[in-house]
Structure formats: C-alpha cells, structure tokens
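Student:
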Amino acid sequence: MSVLLQLALRNVFRNKRRTGITFFSIVSGMVGMIVFGGFVSYTFWGLRESTIHTQVGHIQIYKKGYSEQGVAQPSLFLLEHTDTLFRSLRAIKSIQVATSRLSAAALLSTGEKTVSCKIIGVDPKEDASFSSFETVVYGSQLGPNSPEDGGVIGIELMHALGKKVGDYLTVLSTTKEGMLNAIEFKIIGVSQTGSQEYDSVFVKLPLKKVQSLLGTQGVEKIVLLLNKTSDMEHVLVQLTPLLEQKENPIEYKTWQELSPFYGKVVNIYKGIFKLVTTIIGTIILLGVTNTMSMSIFERVREIGTLRAMGTSRQAILSLFILEGFLLGSIGGILGVLVSVIVAKLINISGGIAVSAPPGMSKGYTAFIWTPFSLLSFSFLFIVLVTTLSSLYPAYRASRLRIVEALAYH
Amino acid sequence: MIVTLNCVSKIYQMGTLMTKALTNVSLSIQKGEFLCICGPSGSGKSTLLNLIGCLDCPTTGSVYVESKDVSTLSDNQLSQLRNQSIGFVFQSFNLVPVLTAFENIEYPLILQGVAKKDRYPRVIAGLQNVGLEKFAAHRPDELSGGQRQRVAIARALIGNPAMILADEPTANLDSQTGKEILEMMVLMNKRYQTTFVFSTHDPLVKQYASRVVHIKDGEIEQP
Numbered sequence: 036m037s038v039l040l041q042l043a044l045r046n047v048f049r050n051k052r053r054t055g056i057t058f059f060s061i062v063s064g065m066v067g068m069i070v071f072g073g074f075v076s077y078t079f080w081g082l083r084e085s086t087i088h089t090q091v092g093h094i095q096i097y098k099k100g101y102s103e104q105g106v107a108q109p110s111l112f113l114l115e116h117t118d119t120l121f122r123s124l125r126a127i128k129s130i131q132v133a134t135s136r137l138s139a140a141a142l143l144s145t146g147e148k149t150v151s152c153k154i155i156g157v158d159p160k161e162d163a164s165f166s167s168f169e170t171v172v173y174g175s176q177l178g179p180n181s182p183e184d185g186g187v188i189g190i191e192l193m194h195a196l197g198k199k200v201g202d203y204l205t206v207l208s209t210t211k212e213g214m215l216n217a218i219e220f221k222i223i224g225v226s227q228t229g230s231q232e233y234d235s236v237f238v239k240l241p242l243k244k245v246q247s248l249l250g251t252q253g254v255e256k257i258v259l260l261l262n263k264t265s266d267m268e269h270v271l272v273q274l275t276p277l278l279e280q281k282e283n284p285i286e287y288k289t290w291q292e293l294s295p296f297y298g299k300v301v302n303i304y305k306g307i308f309k310l311v312t313t314i315i316g317t318i319i320l321l322g323v324t325n326t327m328s329m330s331i332f333e334r335v336r337e338i339g340t341l342r343a344m345g346t347s348r349q350a351i352l353s354l355f356i357l358e359g360f361l362l363g364s365i366g367g368i369l370g371v372l373v374s375v376i377v378a379k380l381i382n383i384s385g386g387i388a389v390s391a392p393p394g395m396s397k398g399y400t401a402f403i404w405t406p407f408s409l410l411s412f413s414f415l416f417i418v419l420v421t422t423l424s425s426l427y428p429a430y431r432a433s434r435l436r437i438v439e440a441l442a443y444h
Numbered sequence: 101m102i103v104t105l106n107c108v109s110k111i112y113q114m115g116t117l118m119t120k121a122l123t124n125v126s127l128s129i130q131k132g133e134f135l136c137i138c139g140p141s142g143s144g145k146s147t148l149l150n151l152i153g154c155l156d157c158p159t160t161g162s163v164y165v166e167s168k169d170v171s172t173l174s175d176n177q178l179s180q181l182r183n184q185s186i187g188f189v190f191q192s193f194n195l196v197p198v199l200t201a202f203e204n205i206e207y208p209l210i211l212q213g214v215a216k217k218d219r220y221p222r223v224i225a226g227l228q229n230v231g232l233e234k235f236a237a238h239r240p241d242e243l244s245g246g247q248r249q250r251v252a253i254a255r256a257l258i259g260n261p262a263m264i265l266a267d268e269p270t271a272n273l274d275s276q277t278g279k280e281i282l283e284m285m286v287l288m289n290k291r292y293q294t295t296f297v298f299s300t301h302d303p304l305v306k307q308y309a310s311r312v313v314h315i316k317d318g319e320i321e322q323p
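The listed protein sequences derive, respectively, from chains A and B. Note that the working numbering numbers the first sequence so that position 286 is 321, with each residue one more than the last. Note that the working numbering numbers the second sequence so that position 49 is 149, with each residue one more than the last.
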C-alpha cells in the first residue's frame, strides 16, 4: 500500500469522535437522498406502468396520417383488413398482446340525464392485460365471458349519472356516413383508473358493439403491450419494415408521446430530487470542509515535519485530498448499507401511504426502490463532494511555510 | 565543505515591524564536524539552523549546501535535497503519531524510493543502533521522551545524510536522558562520519562538540 494511502487511512481514524460525526452526517445525507430517490423511482415506475396498462399500452399503431388529420376526421383514418398486420405483429416475440381499439366521442343517456363521454371499443379477450392497474369498484371487468351488450364505465361517470351495476344506458354517436345511431348496453362493472378526468368520461364496450354503433368494420388503432417496457427500443426497430409497406401504410406513437403528463411529472420530481441532492451535498461539503480544516489545524507541526523530511507540496496536497476521498468512500459504503436497510424496513412495514396527487382520484402506497443506478449515483456523488471538500484545506496545508509550521504550538 | 554561508542576513517582517534575526553571518561547516551553535533564547540559533537545513531562505547573502546555491533551487529540488542530504532532530521529537517507530524511521527511505526489501534490513539496523529493536511496532504515544528522541535520531540517520541538524535535541529531556542522547549522537558521528550541527543554550552540552559557535543578537561572536 502506498505510504500516502496508509497515512491517509490512519489519519481518517485518528480522531475517532470527529470522524464518527462526519460519517454520521454523510450517512444521514445519503439515507435522505437514497430514500427520496427510491420513492421517486417507485413513483416513476408506478405512474409509467399504470399509464401503459390502463390507457395507452406501450405502442399504438394507426393508419398513416391519423396523427395529423385523424382528430378532425377519424372515420377516414381507420385501419381495415388488419389480418396481415396482426400476423406480422404476433411474430415479434417481445409483444405480449396486440389488440384493436375503436374509440369515439359520444353522448351517454339514462333517459333523464345525458352527458358526453368517450366510448372505447376493446377486444374483451385481450382487455384484461390493459386493465391490470384498474380497480374494479363494482361488478366485473370486460372479459371473454362477458355478455355481448355489457360495458364498464368509470366511477366518476357512475356518480354523475346516479346509476349502478345492472342498469342500462344508451350511447348516441354518428356513423361513418354521418347518421345518428344509438345502442344500449348494460353496466356490468364500474372501475377506477386513478385518473379523475378519465374516470369521468370513459365507457368501455366490446369492439364489435362500437363498430356497429359507428357503422364500420375498421379499427382506430392497434395497441401493443410488450413483455417489458425496456423492450421498447428493440420492438421499434422491428416495426420499421412494417411502416414502409405500401398496401396498408401505418404510423405509430409510443406511450411517452401519448402521455405528456408522465414527462411533466418526471421533470417535476427530477427537479425536486436535484434540489434535495444539492442541499444534502452542500451540507456534507461544509461538514467535511470543517472536518478537514480542523484536522489540518491540529497537524500543522506534523505537516512541517513531513515537509522538512523532504515530502513535496504535491504529496501533502495528495495526502489531504486522499483523506477526503477516503472519508467519502468509507462514509459512502456505510451510507449505502444503512439506506438499503432503511428502505427494506419501510417496505416491510407496508410502504408509505401517499394521498391522491392532483388530477388523480385515489392515493397509493409507495415503496422505496433502491436500484443499483441510484445507489451507485449516490455513492459517487458523496465521494465527489467529500473529495471536493478537501481541495481547499489540502491546498492550504500544502502551502504552509515549513519554518512557521514547525514553530506552531 | 558541506555548508557555506556567505554574509547571510535574515529579516522577518510582521506587518510594518522588521525584526533582524541574523546579521551578516558567514560560516563554513566541514564533513564529520560535531558543531554546536550556542546562544541564549532569541539569539538566532534556530533561524541559522533553518537556513542551513534549507527550510527557509536568507533575506540577503547566500547559502551553499553540498556546493549547491539553495536560492537557485525550486521547492521540489529543496525537498529532494533535504530528503537525501539532511536529517532533522527536533526539540519536540516531531514523530508522526499515526506511524509506528519502524514506520517513522522507514519514511525517509520511502521518499528516497528505496525498495521495500532493502528498507526492512536498514530500518531494523537503525532501530538496533538506537537500542529500540523491541519497540518497532510501538507508536510514539507508547514511547518515553528519550525513546522518541532515539527514534527521531534513527529517522534522521536512516537515509545516510551528509549532515544532521538538531534543534535543542535535549531541551525536553531530563539530564540523564539528554546525556545519553548526546553520547549517542557523538557515537553516530564517529561511526558514520556524519556531520552533526546542533543548537543549544545549555552550556553543559558544549563539552561534546568538536567546535562551538557562539551566536548573540543574530551575530556570530568571534572567539
């Protein structure tokens, strides 16, 4: 072991009480940073997966031009004769489910009350995969055994209409040709997605029923659910040849493009995390600078002796920077260990109950995730901060005049 | 000639106050000398030793150590010169508290770049020289004052320097231990022909010196 490293390591533990206090501040800062970071990681994951599994899927495929003009004229941009496309999609192994959807704006009537709504035609056989983050409050979800005239509505919509499971509702919309059309369905379930806005408009019906309402055999989009969200990049590459086919031209959008809300939430949380990290980093920086300055103050004569024996200024500089680095490294390892234990204790005790965020209808229980990336970032951040903290004290130590240092009492 | 000082003066400035510590000092020290710089407190002994030891620069005049004009050397070159040519023994021993006796003695050899396998026998021999081979693993706070000063002497000698500078080496020791330390320095001087320059204000110490230089108010007194 290099003599400087050996000296630095021993000097770190020379004043055990002061080093203990410094480690305590480093560990406390890291626990705060990692637990908050773990909470944010879990929240990102929860929001991402609930968005994907309740509304949008991972990727949505449309007829080419839909994104630009489909909102104004949806009936002109319906996908038809999709069998070949489905065969190609099912050949991609990372795709767990590929299902058709047809949605439209409509009016929902009880006979006495009429409200606007969004009808979504889904394939009942495949819908379960997209409903795993929905909470069925009353009745049941659409499934392979659901009645053909059954439908599921959002809980806020149910409250607005004052209806219950088993009641019938009428949906009015216009057909592809512009004719007014209506169908009746039976409420078989009431569910909650977490998004208050969505829960107050959605009506989920079997795809065939919506097709008959709108007078079409086409579908608005094909929604893909992947085995893992991390498969996105790989699947997008495999979709490229399908985009270039001429007979049935298509385009796609990813869940990030379809959920700008997610990006905004991520940005807000990342901003808060940066602020927390900066505050913790500043506190640790000041603490370690103080520790290093005190250490130098107590070792002035020793520094003079080392210099008298021929130790260069650079070596003195390196010695104190090394001490800061070791403080950070040892404190960082302790911090990671304690943070993981604290995170596990929080998770074992049932997580943290979080009240409903703005725009959401229900709260959630957050757990603390400690992914390797968060732990390694926190560790490297602390090592960097403590090393930086030692720079100025180390510079001062290296610039001490030998004669004055030797005469210091 | 190991050291030559030509008309050296040293003035310390504290704010607007100028204090003359040395005035026109000229001195030559030859190899193998056991030189005592004697004088009362504040006479300039330590300043003179600091200049000889390349720890400080003169305000005027020139200092030559092993024929090198120290004013022309960079900080790194001065560090190298101190490491290879000068050993220091301090009044307060100045051992590194986190290192054992063995490691304290070994330190100058590490700075010299001596390989580990060559360092070990030399450090053991150094410890034997000062009669502390059993205390190799002891840290300074586990040693008596006399033992610490012996370690300091072994540390100063380990790199085979041309001279050893000792600033009042017996001041913090009782008279018996001080006598033992001085006798040990005389022994080392004779055994290795190492030049010793030490400062003291204790007249009893003078009897061990081969030459005594008296200093008063920053000037060398002529005999």
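Note that CB positions come from ideal geometry on N, CA and C, so glycine has one too.
Touching or not, the segment 106-113 of chain B and the segment 432-442 of chain A, by the rule of three or more beta carbon pairs under 8 Å?
Tutor: With a cut-off of 8 Å, the segment 432-442 of chain A and the segment 106-113 of chain B do not count as touching, because too few Cβ pairs lie within range.
Student: Hey, residue 135 of chain B and residue 296 of chain B: beta-carbon distance below 8 Å or not?
Tutor: Going by C-beta atoms, residue 135 of chain B is nearer than 8 Å to residue 296 of chain B.
Student: Can you pull the chain B neighbours of residue 378 of chain A, defined as C-beta to C-beta under 7 Å?
Tutor: Going along chain B, no residue has its Cβ under 7 Å from residue 378 of chain A, so there is no contact; the nearest lies around 36 Å.
Student: What in chain B is Cβ-close to residue 358 of chain A, meaning under 8 Å?
Tutor: Within chain B, no residue comes near residue 358 of chain A; the closest Cβ sits about 11 Å away, beyond 8 Å.
Student: Using beta-carbon positions only, say whether residue 132 of chain A and residue 175 of chain A come within less than 8 Å of one another.
Tutor: No, Cβ-Cβ distance for residue 132 of chain A and residue 175 of chain A is not below 8 Å.
Student: Return no unless some Cβ of chain A is closer than 8 Å to the Cβ of residue 103 of chain B.
Tutor: No, because no Cβ of chain A sits closer than 8 Å to the Cβ of residue 103 of chain B.
Student: Report the rounded CA-to-CA distance for residue 305 of chain A versus residue 264 of chain A, giving the unit in angstroms.
Tutor: Cα to Cα, residue 305 of chain A sits roughly 20 Å from residue 264 of chain A.
Student: Would you verify that the beta carbon of residue 343 of chain A is, or is not, closer than 8 Å to some beta carbon of chain B?
Tutor: It does; some Cβ of chain B falls within 8 Å.
Student: For chain B, check one thing: does any of its Cβ atoms lie closer than 8 Å to the Cβ of residue 84 of chain A?
Tutor: Residue 84 of chain A does not count as touching chain B.
Student: From this set, A:58, A:59, A:122 and A:78, which residue's C-alpha is nearest residue 391 of chain A's C-alpha?
Tutor: Cα-wise, what sits closest to residue 391 of chain A is A:78.
Student: In chain order, what residues of the segment 182-211 of chain B put their CB closer than 9 Å to some CB of chain A?
Tutor: Hits within the stretch, in order: 182, 183, 184, 186, 187, 188, 190, 192, 194, 195, 196, 197, 198, 199, 203, 206, 207, 208, 210 and 211.
Student: Rounded to whole angstroms, what's the CA-CA distance from residue 307 of chain B to residue 199 of chain B? Just pull it up for me.
Tutor: Those two C-alpha atoms are separated by around 35 Å.
Student: Taking a cut of 7 Å between CB atoms, which residues from the segment 165-184 of chain B lie near chain A?
Tutor: Against chain A - using a Cβ distance shorter than 7 Å - the residues of the segment 165-184 of chain B are 175, 176, 179, 180, 182 and 183.
Student: Starting from the C-beta of residue 94 of chain A, find all residues in its chain whose C-beta is less than 8 Å away, skip the five residues before and the five after it, and write them out in chain order.
Tutor: So the list reads 258, 259, 261, 267, 270, 271, 274, 287, 288, 289 and 290, once near-sequence residues are dropped.
Student: Name the chain B residues that come within less than 8 Å of residue 337 of chain A, Cβ to Cβ?
Tutor: Under the 8 Å cutoff, chain B gives 194, 196 and 197.
Student: Along the chain, which unbroken stretches of the beta strand (DSSP E) at least 3 residues long are found entirely within the segment 206-294 of chain B?
Tutor: If we require 3 residues or more, the beta strand (DSSP E) runs fully inside the segment 206-294 of chain B come out as 263-267.
Student: Near residue 377 of chain A, which residues of its chain fall below 7 Å by C-beta distance, leaving aside the five closest residues on each side in sequence?
Tutor: For residue 377 of chain A, where only same-chain residues beyond five positions count, the Cβ hits under 7 Å are 66 and 70.
Student: Quick check on the DSSP output: the beta strand (DSSP E) that includes residue 139 of chain A runs from which residue to which?
Tutor: Unbroken beta strand (DSSP E) run through residue 139 of chain A: 130-144.
Student: Assuming residue 307 of chain A contacts residue 433 of chain A (C-beta within less than 8 Å), just tell me the rounded distance between them.
Tutor: Not really, about 39 Å apart at Cβ, beyond 8 Å.
Student: DSSP three-state label for residue 169 of chain B, please.
Tutor: Residue 169 of chain B falls in the strand class under three-state DSSP.
Student: Residues bridged to residue 157 of chain B by DSSP?
Tutor: Beta-bridge pairing links residue 157 of chain B to no other residue.
Student: When you compare only the Cα positions, how much space is there between residue 340 of chain A and residue 146 of chain B?
Tutor: Answer to the nearest angstrom: the Cα atoms are 15 Å apart.
Student: Could you list the residues in the segment 45-60 of chain A with a C-beta less than 9 Å from some C-beta on chain B, going in chain order?
Tutor: Flagged, chain order: 45, 46, 48 and 49.
Student: Taking only beta-carbon atoms, is residue 289 of chain A less than 8 Å away from chain B?
Tutor: False, the Cβ-Cβ gap to chain B never drops below 8 Å.
Student: Compile a chain-ordered list of the residues in the segment 127-152 of chain B whose CB is closer than 9 Å to at least one CB of chain A.
Tutor: Answer in chain order: 146, 147 and 150.
Student: Under 8 Å Cβ-Cβ, which residues of chain B neighbour residue 434 of chain A?
Tutor: Under the 8 Å cutoff, chain B gives no residues; its nearest Cβ is about 10 Å from residue 434 of chain A.
Student: Can you list the residues of chain B that residue 437 of chain A reaches, using a CB-CB cut of under 7 Å?
Tutor: Here the neighbours are 155.
Student: Please list, in chain order, all residues of the same chain as residue 247 of chain B whose beta carbon is under 7 Å from its beta carbon, the five residues on each side excluded.
Tutor: The residues are 232 and 235.
Student: In the DSSP assignment, the beta strand (DSSP E) including residue 108 of chain B goes from what residue to what residue?
Tutor: Residues 103-114.
Student: Can you look up residue 281 of chain A in the DSSP assignment and give me helix, strand or coil?
Tutor: Reduced to three states, the DSSP call for residue 281 of chain A is coil.
Student: Check each candidate in A:186, A:167 and A:252 and name the one with the smallest Cα separation from residue 89 of chain A.
Tutor: Nearest option by C-alpha distance: A:167.
Student: Give the DSSP-derived three-state secondary structure of residue 235 of chain A in the structure shown.
Tutor: Residue 235 of chain A falls in the coil class under three-state DSSP.
Student: Figure out for me which residue from A:195, A:170 and A:205 has the closest Cα to the Cα of residue 186 of chain A.
Tutor: The candidate whose alpha carbon is nearest that of residue 186 of chain A is A:205.
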